[in-house]
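Structure first, then comments.
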Amino acid sequence: MPAPAIELRGITKRYPGVVANRDVNLRVESGTAHAVIGENGAGKSTLMNILYGMVVPDEGEILVEGATIPMSSPADAIAAGIGMVHQHFKLADNLTVLENVILGDEPTGRVGRIDFEAARARIVELGDHYRIPIEPEALVADLSVGNRQRVEIIKVLYRGARVLILDEPTSVLVPQEVDELLKNLRRLTGDGLTVIFISHKLDEVLAVADEITVMRNARTVAHTRPAEITSRELAQLMVGSELPTPEPRTVEVRPEVGLRLRSVSTRGRGHETSLSDIDLTVRSGEIVGIAGVEGNGQAELIETILGLTDPVSGQVLFGEEDVTEAATSVRRRLGLAYIPQDRHREALLLDAALWENRILGHQMHPPINRGVWIDRKAAREDTERIVADSDVRTPSIEVLASALSGGNQQKLIVGREMAGDPRVLIAAHPTRGVDVGAQAAIWTRLSAVRRAGVAVLLVSADLEELIGISDRILVILRGRLVGEFDPAAIGPEDLGAAMTGADAA
Amino acid sequence: MIETRIERLLLQLIAPVVAIVFAALLAAAILHFTGADAGSVLGEVVAFGTTPASLVAVLNKATTFYLAGIAGAIGFRMLLFNIGIDGQYRLAVFFAAVVGASVSLPPVLHVTLIVVVAMAVGAGWAALAGYIKVTRGVSEVISTIMLNAVATGIIAYLLAPGRLAERVAGSNNIRTPPIPSSGWFPGFGVAGKEVFGFTLVAVALGIAFWILLNRTRFGFELRASGLSLRAAAVSGVNSKRMIFVTMVMSGGMAGLVGIPQLLGSSHQYGLDFPAGFGFTGLAIAILGRNHPLGVAFGALLWAWLERSSQILDLLGVSREIVTIMQATIVLSVVVAYEVVRRVNVRRQQKLVGRSEHEGIDNGAAA
Chain A
1 MPAPAIELRG ITKRYPGVVA NRDVNLRVES GTAHAVIGEN GAGKSTLMNI
51 LYGMVVPDEG EILVEGATIP MSSPADAIAA GIGMVHQHFK LADNLTVLEN
101 VILGDEPTGR VGRIDFEAAR ARIVELGDHY RIPIEPEALV ADLSVGNRQR
151 VEIIKVLYRG ARVLILDEPT SVLVPQEVDE LLKNLRRLTG DGLTVIFISH
201 KLDEVLAVAD EITVMRNART VAHTRPAEIT SRELAQLMVG SELPTPEPRT
251 VEVRPEVGLR LRSVSTRGRG HETSLSDIDL TVRSGEIVGI AGVEGNGQAE
301 LIETILGLTD PVSGQVLFGE EDVTEAATSV RRRLGLAYIP QDRHREALLL
351 DAALWENRIL GHQMHPPINR GVWIDRKAAR EDTERIVADS DVRTPSIEVL
401 ASALSGGNQQ KLIVGREMAG DPRVLIAAHP TRGVDVGAQA AIWTRLSAVR
451 RAGVAVLLVS ADLEELIGIS DRILVILRGR LVGEFDPAAI GPEDLGAAMT
501 GADAA
Chain B
1 MIETRIERLL LQLIAPVVAI VFAALLAAAI LHFTGADAGS VLGEVVAFGT
51 TPASLVAVLN KATTFYLAGI AGAIGFRMLL FNIGIDGQYR LAVFFAAVVG
101 ASVSLPPVLH VTLIVVVAMA VGAGWAALAG YIKVTRGVSE VISTIMLNAV
151 ATGIIAYLLA PGRLAERVAG SNNIRTPPIP SSGWFPGFGV AGKEVFGFTL
201 VAVALGIAFW ILLNRTRFGF ELRASGLSLR AAAVSGVNSK RMIFVTMVMS
251 GGMAGLVGIP QLLGSSHQYG LDFPAGFGFT GLAIAILGRN HPLGVAFGAL
301 LWAWLERSSQ ILDLLGVSRE IVTIMQATIV LSVVVAYEVV RRVNVRRQQK
351 LVGRSEHEGI DNGAAA
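So the sequences go chain by chain: A and B. Counted the way our numbering counts, the first sequence spans residues 1 to 505. Counted the way our numbering counts, the second sequence spans residues 1 to 366.
What follows is the structure in structure tokens.
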């Protein structure tokens with residue numbers, strides 16, 4: 001049996017107060033696709049960074065093709081034939097594909113002149129060989145997300161990588177692009193290259209991986225093959241306990257309207273998409289999903305409901321109340337809650353204590369607001385309540401929000417937004433980047449919120465999530481609502497087609 | 001979590017202490033290399049700086065600095081750089097002097113009128129910068145710098161014999177007419193010297209600023225906007241109104257900067273009225289971390305350094321050594337605050353990491 005492409009033995013990495021990797025063992029056979037899965041904070045990213053030389057482990061050894069390699073920088077990793085495709089692409093938008101690929105590894109001729117011809121030939125050859133067609137002269141700014149990812153892959157191959165690490169490669173793609181990527185990965189492994197990828201999406205893992213390693217609580221806890229396991233069993237291995245069963249959907253949509261938009265149009269500035277003629281009704285006790293590829297007006301829709309963008313025509317109503325002209329603070333007081341996609345930017349004061357973050361968005365509500373005054377005692381008490389109820393792991397409510405991990409920040413935000421009995425909730429990608437355990441908790445929470453009679457608008461790109469918990473799904477495309485679907489009667493493929501406009505006649 | 005609070009307070013104090021010690025060492029080194037005896041110079045400076053007359057002068061000067069510092073701090077709290085404090089207070093004190101001299105009113109009313117005029121002029125001048133920022137997106141840094149120059153021009157035009165001022169007999173100075181004594185703010189005598197009565201008002205304003213910032217909805221929204229304008233807007237703060245109101249408040253406070261001197265000693269505005277306090281105020285706000293107590297400390301330190309430096313000429317040492325020291329303090333305190341901030345975040349992450357981990361381990365054991 002040949003030596004494995006990569007072998008990690010007894011890797012341990014400690015950070016102050018936290019062990020990120022504890023005696024981690026990983027064996028990746030040559031020419032296979034190997035999936036590493038685990039909850040957020042399980043240590044996957046640290047492990048990948050160790051493999052790519054960005055983090056040096058405290059203990060343990062790294063073997064490439066059976067030989068121990070000292071790995072202290074990405075340069076060492078590249079020299080050993082290891083390349084990485086990051087979750088957030090590292091491409092220069094204003095350069096061409098060709099320039100991006102050779103950036104940092106330019107083939108130079110005499111007197112340091114860059115030999116573009118040789119580079120172009122190499123890229124075309126790589127593209128043909130692995131059937132990843134790419135136009136070397138295209139400007140990266142003009143490429144779709146899927147094509148950008150191809151550029152990243154070509155870039156790694158160009159540097160002679162035999163082992164590719166992909167960090168959550170499918171999280172940014174629409175279904176059709178995911179299929180394309182998975183096919184490409186198959187071709188790479190078929191050609192003898194080795195692929196290691198991190199993913200949250202268990203179905204993809206089962207579809208494409210030859211072998212699977214599960215991480216939990218900084219350790220590698222299981223090693224298996226897709227044929228030997230179901231996605232439910234995998235999820236349980238990741239979480240380490242029985243999963244909560246999704247409760248049967250008992251639709252109790254009430255007749256009264258929570259949120260209504262009447263032919264709302266906006267004028268987009270700069271890169272914004274203009275909304276045109278949006279008609280939307282969310283009843284109390286209903287979850288309405290908004291499906292769409294990012295950048296099709298979701299952000300503008302949310303801004304309009306929040307009151308941060310004024311529509312040029314149309315009306316926004318909370319219940320019977322016309323709030324089209326109302327300021328954000330008035331809408332907040334009327335019971336508008338918001339779980340944003342970017343919590344650092346929109347939901348937290350990172351340099352303020354947890355209890356001060358509890359005030360944010362509630363500075364106009366009792367019990368925290370008392371006329372012109374802020375009741376700091378009430379804010380502290382209610383923060384203690386949220387910390388206890390939502391299992392926010394923190395030594396104290398006096399610590400800064402920036403000190404918490406992402407999952408705990410999200411728990412705090414959800415707890416805060418649910419305080420004070422909201423009437424309308426906007427949840428934008430509420431489970432993006434959170435692990436399976438927290439995901440289940442958030443879905444349960446949203447269902448509970450619906451039962452309590454809140455009108456929920458769920459904006460998401462996760463089709464499983466949309467189909468799983470929405471009562472109705474609306475598809476947004478280029479600023480228009482182009483279709484309504486019954487989640488019980490539509491599959492991810494059809495929804496994906498509607499999102500990209502592929503089914504439009 | 002009392003421990004954490006005390007620890008945090010100590011962490012806050014480390015930065016300015018380190019900065020001052022560093023600046024003092026640097027000053028000593030400069031003295032040493034220029035051939036002076038650093039030890040004896042320091043002794044003389046401290047001896048002069050702690051005489052009762054000096055301390056009263058320091059207190060009076062610090063009052064002025066404090067008002068300028070708070071004016072700067074109000075803006076800084078929401079990431080607005082009110083460079084225009086200088087022009088705002090000069091214009092304010094000029095018009096306050098003109099109005100004060102042209103009316104006769106009973107004492108309390110007269111003083112109140114002068115103060116209100118000063119605040120209104122300062123606020124109005126700053127409001128211009130605030131208005132063009134929220135309507136046209138003009139950076140307040142640029143607009144307030146330009147408004148400083150405009151204020152200088154307006155005062156130069158109006159402060160002329162035959163307009164709003166008169167020539168002082170037997171001198172080149174030009175002044176507004178004196179304010180009658182009903183418009184004076186009585187001081188109180190200490191050690192044969194007079195402390196500005198307005199010092200007490202400044203203290204009260206500092207307390208009011210603290211209460212506003214920490215106990216009111218407006219103060220929370222101000223701080224939230226300073227920490228993250230976007231998060232504040234999403235939470236329901238009208239950012240534009242906030243920017244405008246903050247600018248007006250900062251300008252109103254700036255309008256008071258010249259008032260202790262006007263009401264307490266000079267009683268008229270002339271060519272010799274001190275300028276440049278606005279910039280000192282910004283430095284003091286930075287040193288005091290925009291906190292009412294910190295700014296008070298910074299103002300006292302600044303005033304003490306300026307007062308004590310007066311002895312240096314007599315000792316044959318260049319007085320500019322103090323300017324070097326002040327500059328060093330501000331520069332090094334900025335660095336020190338950032339270092340402390342990072343240490344603090346690291347420390348907290350460690351604490352949180354530990355408690356998260358305990359949670360996980362307990363969960364695994366259960």
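Beta carbons: idealized from backbone N, C-alpha and C, even for Gly.
Check, Outcome
"Given a cut-off of 9 Å on the beta-carbon distance, is the pair B/A120 and B/G276 in contact?", "no"
"Using a C-beta cutoff of 9 Å, does B/M1 count as contacting chain A?", "Low local confidence applies: a pLDDT of 46 at B/M1 is under 50, so the model's placement there is unreliable, and no value is given."
"Given this structure, state the Cα-to-Cα distance separating B/R223 from B/R77, to the nearest angstrom.", "6 Å"
"To which residues of the same chain is A/D389 closer than 8 Å at the C-beta, ignoring the five residues directly before and after it?", "G415"
"On the three-pair Cβ rule with 8 Å, is the segment 203-212 of chain A touching the segment 43-53 of chain A?", "no"
"Closer than 6 Å by C-beta to A/S284: which residues in its own chain qualify, once you throw out the five before and the five after it? Chain order, please.", "R254, E256, G258, G453 and A455"
"Quick check on this structure: which residue in A/I368, A/A3, A/G361 and A/I302 has the alpha carbon closest to the alpha carbon of A/S460?", "A/I302"
"Check the DSSP bridge columns for A/D322 and list the partner residues they point to.", "A/L317"
"Any beta carbon of chain B sitting closer than 9 Å to that of A/E321?", "no"
"Could you pull out every unbroken alpha helix (DSSP H) segment of at least 4 residues lying fully inside the segment 256-288 of chain B, listed in chain order?", "277-287"
"Looking at the structure shown, is B/L9 part of a helix, part of a strand, or coil, going by DSSP?", "helix"
"Use the C-beta contact count for B/S143: other C-beta atoms within 10 angstroms, 16 or more gives buried, fewer gives exposed.", "buried"
"In its own chain, which residues sit with a C-beta less than 8 Å from the C-beta of B/I284, not counting the 5 before and 5 after it?", "F65, Y66, A68, G69, G72, V295, G298, A299 and W302"
"Is there a Cβ of chain A sitting closer than 9 Å to that of B/Q88, yes or no?", "no"
"So which residues on chain B does A/M364 lean against when the C-beta distance must stay under 8 Å?", "R217 and G236"
"Check whether the Cβ atoms of B/E221 and B/M242 lie closer than 9 Å to each other.", "yes"
"Applying a beta-carbon distance threshold of less than 8 Å, which residues of chain A neighbour B/E221?", "Q363"
"Name the chain A residues whose beta carbon is nearer than 7 Å to that of B/A118?", "What B/A118 touches in chain A: nothing, since even the nearest Cβ is about 25 Å away."
"Taking C-beta pairs closer than 7 Å, name the residues in chain B that A/S402 reaches, listed in chain order.", "V345"
"Return no unless some Cβ of chain A is closer than 9 Å to the Cβ of B/G359.", "Per-residue confidence for B/G359 stands at a pLDDT of 46, beneath the threshold of 50, marking its modelled position as unreliable; no derived number is given."
"Closer than 9 Å, Cβ to Cβ, to anything on chain A: give me those residues from the segment 282-311 of chain B, in chain order.", "none"
"In terms of residue numbering, what span does the beta strand (DSSP E) encompassing B/F371 cover?", "Here chain B has residues from 1 to 366 only, and residue 371 of chain B is not among them."
"Any residues in the segment 336-350 of chain A with a beta carbon nearer than 8 Å to a beta carbon of chain B? Which ones, in chain order?", "Y338, P340, R345, E346, A347, L348, L349 and L350"
"May I ask you to report which of helix, strand or coil DSSP gives A/P248?", "Confidence at A/P248 is low in this model, with a pLDDT of 47, below 50, so its placement is unreliable and the value that follows should be read with caution. Here A/P248 sits in coil by DSSP."
"Considering only DSSP beta bridges, list what A/S73 is partnered with.", "A/S73 is not bridged to any residue."
"Whose CA, out of A/G81, A/T266, A/D342 and A/S274, lies closest to the CA of A/P311?", "A/T266"
"Could you check whether the Cβ of A/P248 sits closer than 9 Å to any Cβ belonging to chain B?", "Low confidence applies to A/P248: its pLDDT is 47, below 50, so where it sits in the model is not reliable, and the reading given next is rough at best. By this cut-off, A/P248 is not an interface position."
"Using the Cβ count rule (16 or more neighbours within 10 Å means buried), how would you classify A/K13?", "buried"
"What are the complete beta strand (DSSP E) segments, minimum 3 residues, inside the segment 465-493 of chain A?", "472-477 and 480-485"
"According to DSSP, simplified to helix, strand and coil, what is B/A27?", "helix"
"Using the beta-carbon of each residue, which ones in chain A are nearer than 9 Å to B/L10?", "Correct list: empty, because the minimum Cβ distance to chain A is about 15 Å."
"Within 10 angstroms of the Cβ of B/P274, are there 16 or more other Cβ atoms? Answer buried if so, exposed if not.", "exposed"
"Just to confirm before moving on: does the CB-CB distance between A/R148 and A/V140 stay below 9 Å?", "yes"
"A/E228: beta carbon under 8 Å from a heavy atom of the ligand PLP?", "This structure lacks the ligand PLP, and indeed carries no ligand of any kind."
"Mind checking if B/A254 is an interface residue toward chain A, Cβ cutoff 9 Å exclusive?", "no"
"Tell me the rounded alpha-carbon separation between B/M253 and B/A123.", "8 Å"
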